[in-house]
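Visitor:
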Amino acid sequence: MKFSKKSLKFMGAVVGALMVGSVFAGCGSSDNANEIKVGANFELTGNQANYGTAARDGLKLAIKECNDAGGIDGKKIVLTEGDTKSEASEAVNAATKLISDDGVKVLVGPAVTANVMAESQVATDNKVPVIGPCATNPDVTVENGKVKPYIFRSCFIDPQQGDVMANFAVKELKAKTAVLYLDSSSDYSKSLGKVFKEKFEAAGGKVVMEEAFLAKDQDFKAALTKIKTANADVIFVPAYYEEVGKIVKQARELGIKSAMLGTDGWDDPKVVDIAGADALNNTYFSTHYFEKDQEVQGFIESFQKEYGHAPNVFAALGYDAGKMLIDAIKRAGGTDPEKLTKALEETKDLQVGTGKITMDPATHNPIKSAVILEMKNGEKVLKAKVQPQG
Numbered sequence: 035m036k037f038s039k040k041s042l043k044f045m046g047a048v049v050g051a052l053m054v055g056s057v058f059a060g061c062g063s064s065d066n067a068n069e070i071k072v073g074a075n076f077e078l079t080g081n082q083a084n085y086g087t088a089a090r091d092g093l094k095l096a097i098k099e100c101n102d103a104g105g106i107d108g109k110k111i112v113l114t115e116g117d118t119k120s121e122a123s124e125a126v127n128a129a130t131k132l133i134s135d136d137g138v139k140v141l142v143g144p145a146v147t148a149n150v151m152a153e154s155q156v157a158t159d160n161k162v163p164v165i166g167p168c169a170t171n172p173d174v175t176v177e178n179g180k181v182k183p184y185i186f187r188s189c190f191i192d193p194q195q196g197d198v199m200a201n202f203a204v205k206e207l208k209a210k211t212a213v214l215y216l217d218s219s220s221d222y223s224k225s226l227g228k229v230f231k232e233k234f235e236a237a238g239g240k241v242v243m244e245e246a247f248l249a250k251d252q253d254f255k256a257a258l259t260k261i262k263t264a265n266a267d268v269i270f271v272p273a274y275y276e277e278v279g280k281i282v283k284q285a286r287e288l289g290i291k292s293a294m295l296g297t298d299g300w301d302d303p304k305v306v307d308i309a310g311a312d313a314l315n316n317t318y319f320s321t322h323y324f325e326k327d328q329e330v331q332g333f334i335e336s337f338q339k340e341y342g343h344a345p346n347v348f349a350a351l352g353y354d355a356g357k358m359l360i361d362a363i364k365r366a367g368g369t370d371p372e373k374l375t376k377a378l379e380e381t382k383d384l385q386v387g388t389g390k391i392t393m394d395p396a397t398h399n400p401i402k403s404a405v406i407l408e409m410k411n412g413e414k415v416l417k418a419k420v421q422p423q424g
């Protein structure tokens with residue numbers, strides 16, 4: 035078949051355009067020969083930015099350590115960041131951009147449960163594995179009794195924390211009555227409250243009152259005045275440190291002397307600055323590690339050297355997620371989704387920032403211990419280390 039010169043020119047232009055398009059598509063869909071792309075989708079702005087940026091910094095430290103040691107098979111990990119803006123809808127938008135436009139094949143983040151759950155569908159549709167560092171709600175990785183194939187986490191789950199604190203209240207503090215004071219805008223807080231109530235009452239206690247607040251509230255005294263009338267043995271406040279600090283401070287100002295209990299959202303040095311050391315006496319919370327344990331010293335020292343301040347629990351869990359991912363990429367030989375998913379499921383006795391973890395392939399939850407810390411004059415004191423059941 036013969037073509038005119040004009041036709042040949044036109045066909046040449048079309049072929050050239052297609053070739054250029056394929057080059058750009060290749061850049062978006064596969065790793066550079068010397069790079070391994072990883073997406074970080076965190077709350078970098080908005081009212082959850084304190085948590086997202088801390089987790090992101092922990093992840094970045096793990097990647098820096100890996101790259102400084104030569105990378106993985108000579109390849110450097112390159113982090114591409116998205117911002118959820120502390121909103122579930124934006125978490126989806128950012129994840130979509132990271133996957134479709136930036137060509138990442140694995141995501142770490144967001145920090146907050148609701149944002150991870152929002153992101154999980156678009157990640158699953160595109161077969162992109164996700165590690166949620168701090169998302170503790172059971173539904174993050176399991177839906178209707180079935181594990182989500184591409185969604186993992188590096189933290190323990192709410193039932194473990196709720197169970198730990200309910201049993202501690204009954205067995206160690208001899209509590210018979212409790213008040214729940216929950217953040218009604220937080221899936222994290224509501225999930226923990228539900229588990230605590232179930233376990234506390236199953237152990238013989240009684241929840242005598244439930245009150246609620248909203249994230250970013252400043253004045254808690256009206257609800258705390260009602261809570262004071264309950265005269266409960268313990269007050270359970272599963273929330274994040276910014277609100278917790280104000281709640282504890284105002285509770286003590288109102289003369290509430292009950293033991294106050296919490297979970298890993300309390301675990302930040304700023305809680306002492308907000309509440310005051312004296313107000314925090316007779317408070318206890320569950321978290322992922324005790325900073326004086328020998329096995330976590332390496333992470334703490336590295337983080338302080340890199341950022342000039344001590345890590346909080348979000349930073350530690352972001353680091354754990356990074357260590358999990360690096361280990362899995364090494365064993366998978368890259369970021370092929372199926373191989374990487376299998377490698378994550380097979381994580382076993384891995385040393386991370388907060389200790390050692392093994393992945394449960396049936397739930398995609400790490401099997402790891404919890405600690406209970408008491409605040410004494412502004413300092414954390416280890417009360418118990420609780421090994422996971424099973």
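Just so you know, the working numbering puts the end of the sequence shown at 424, numbered straight through with nothing missing. By construction, the Cβ of each residue, glycine as well, lies at the ideal position given by its N, Cα and C atoms.
#1: For a test of the three-state rule: what should DSSP assign to I191, helix, strand or coil?
#2: Using 10 angstroms around the beta-carbon of L132, count the other beta-carbons present and answer buried if the total reaches 16, otherwise exposed.
#3: Check each candidate in A285, K71, T87 and E99 and name the one with the smallest Cα separation from V386.
#4: From D217 to G108, what distance separates their C-alpha atoms?
#5: Tell me which residue opens and which closes the alpha helix (DSSP H) that T87 is part of.
#6: Determine the direct distance from the alpha carbon of T297 to that of K410, and round the result to whole angstroms.
#7: With DSSP collapsed to three states, give me the class of T158.
#8: Does the segment 334–352 come into contact with the segment 295–314, if we say contact requires no fewer than three beta-carbon pairs (one atom in each stretch) closer than 8 Å?
#9: If you draw a straight line from the C-alpha of D197 to the C-alpha of N316, how long is it?
#10: Pull up the distance between the alpha-carbon of L258 and that of A89, whole angstroms please.
#11: Excluding the 5 residues preceding and the 5 following G80 in the sequence, name in chain order all residues of the same chain whose CB lies nearer than 7 Å to its CB.
#12: Residues bridged to V420 by DSSP?
#13: Across the segment 168–185 and the segment 139–156, are there enough close Cβ pairs to call them in contact, namely three or more that are closer than 8 Å?
#14: Keeping to the same chain, check which residues put their C-beta closer than 6 Å to that of K255; ignore five residues upstream and five downstream.
#15: Mind checking who V204 pairs with in its DSSP beta bridge?
#16: Count the other CB atoms, across all protein chains shown, that sit within 10 Å of the CB of N68; report buried if there are 16 or more and exposed otherwise.
#17: Can you tell me whether S223 is helix, strand or coil according to DSSP?
#18: Beta-carbon within less than 6 Å of N84's beta-carbon, same chain only, minus the 5 sequence neighbours each way: which residues are those?
#19: Excluding the 5 residues preceding and the 5 following T87 in the sequence, name in chain order all residues of the same chain whose CB lies nearer than 8 Å to its CB.
#20: Can you give me the C-alpha to C-alpha distance between F270 and C189, rounded to a whole angstrom?
#21: Can you name, in chain order, every residue of its own chain whose Cβ lies under 8 Å from the Cβ of E372, other than the five neighbours on each side?
#22: Report the option in Q195, P193, M151 and L214 whose CA atom is closest to the CA atom of K182.
#23: Exposed or buried, V140, counting other C-beta atoms within 10 Å across all chains shown (16 or more means buried)?
#24: Which word fits N399, buried or exposed, when buried means at least 16 other C-beta atoms lie within 10 angstroms of its C-beta?
#25: Please look up how many angstroms separate the CB atoms of L93 and A355, rounded, as I've assumed it's under 8 Å.
#26: What are the start and end residues of each continuous alpha helix (DSSP H) run of 4 or more residues lying completely inside the segment 292–349, in chain order?
#27: In the DSSP assignment, find the unbroken beta strand (DSSP E) run with T79 in it and report its ends.
#28: Measure from the alpha carbon of I111 to the alpha carbon of each residue in Y341, H322, L288 and K364, then state which is nearest.
#29: Evaluate H343 with the Cβ neighbour count: other Cβ atoms within 10 Å of its Cβ, from every protein chain shown; 16 or more gives buried, anything less gives exposed.
#30: Just grab the DSSP bridge partners of I133 for me.
#31: Quick one: Cα of A212 to Cα of A313, how far?
#32: Give me whichever residues DSSP pairs with F247 in a beta bridge.
#33: Look at the alpha carbon of Y222 and the alpha carbon of E340, and state the distance between them as a whole number of angstroms.
#34: Buried or exposed: where does E153 fall if 16 or more other Cβ atoms within 10 Å of its Cβ makes it buried?
#35: The alpha helix (DSSP H) with Q284 in it runs from where to where?
#36: Give the straight-line distance between the Cα atoms of A51 and D136, rounded to the nearest whole angstrom.
Guide: Looking at the coordinates:
#1: I191 falls in the coil class under three-state DSSP.
#2: Burial call: buried.
#3: Answer by Cα proximity: E99.
#4: Approximately 46 Å, taken between the alpha carbons.
#5: Element bounds for T87: A83 to D102.
#6: T297 has its alpha-carbon roughly 17 Å from the corresponding atom of K410.
#7: Three-state DSSP puts T158 in a helix.
#8: Flag = yes, the segment 334–352 and the segment 295–314 touch.
#9: Their backbone Cα atoms lie some 20 Å apart in a straight line.
#10: Rounded to whole angstroms, L258 to A89 spans 31 Å at the Cα level.
#11: The answer, listed in chain order, is K119, S120 and E121.
#12: According to DSSP, V420 bridges with A404.
#13: The way I'd put it, the segment 168–185 does touch the segment 139–156; three or more beta-carbon pairs between them come closer than 8 Å.
#14: Spatial neighbours of K255 in its own chain (CB-CB distance under 6 Å, excluding positions within 5 residues in sequence) are listed in chain order as Q284.
#15: Its beta-bridge partners do not exist; DSSP assigns none.
#16: N68 is exposed by the Cβ-count criterion.
#17: S223: helix per DSSP, three-state reduction.
#18: Excluding residues within five positions, none has a Cβ falling inside 6 Å.
#19: In chain order, F76, E77 and L78 place their CB closer than 8 Å to the CB of T87, counting only its own chain and leaving out the 5 sequence neighbours on each side.
#20: Answer to the nearest angstrom: the Cα atoms are 21 Å apart.
#21: Its chain contains K161 as the residues whose beta carbon lies nearer than 8 Å to that of E372, once the 5 sequence neighbours on both sides are disregarded; these appear in chain order.
#22: Answer by Cα proximity: M151.
#23: Buried, by the Cβ-count rule.
#24: Buried, by the Cβ-count rule.
#25: The C-beta separation of L93 from A355 comes to about 6 Å, placing the pair in contact by the 8 Å criterion.
#26: Fully enclosed alpha helix (DSSP H) runs of 4 or longer: 304–309 and 331–341.
#27: According to the DSSP assignment, T79 belongs to no beta strand (DSSP E), since it is labelled neither H nor E.
#28: Sorting Y341, H322, L288 and K364 by C-alpha distance to the C-alpha of I111 places K364 at the top.
#29: Classification for H343: exposed.
#30: Answer is none; I133 lacks a bridge partner.
#31: Roughly 19 Å between the two C-alpha positions.
#32: F247 is bridged to D217.
#33: Cα-Cα distance, rounded: 30 Å.
#34: By the 10 Å Cβ count, E153 comes out buried.
#35: Its alpha helix (DSSP H) spans residues Y275 to E287.
#36: For A51, the predicted model reports a pLDDT of 40, less than 50, meaning its position is unreliable; a value from the coordinates is still stated below. In this model, A51 and D136 are separated by some 21 Å (Cα to Cα).
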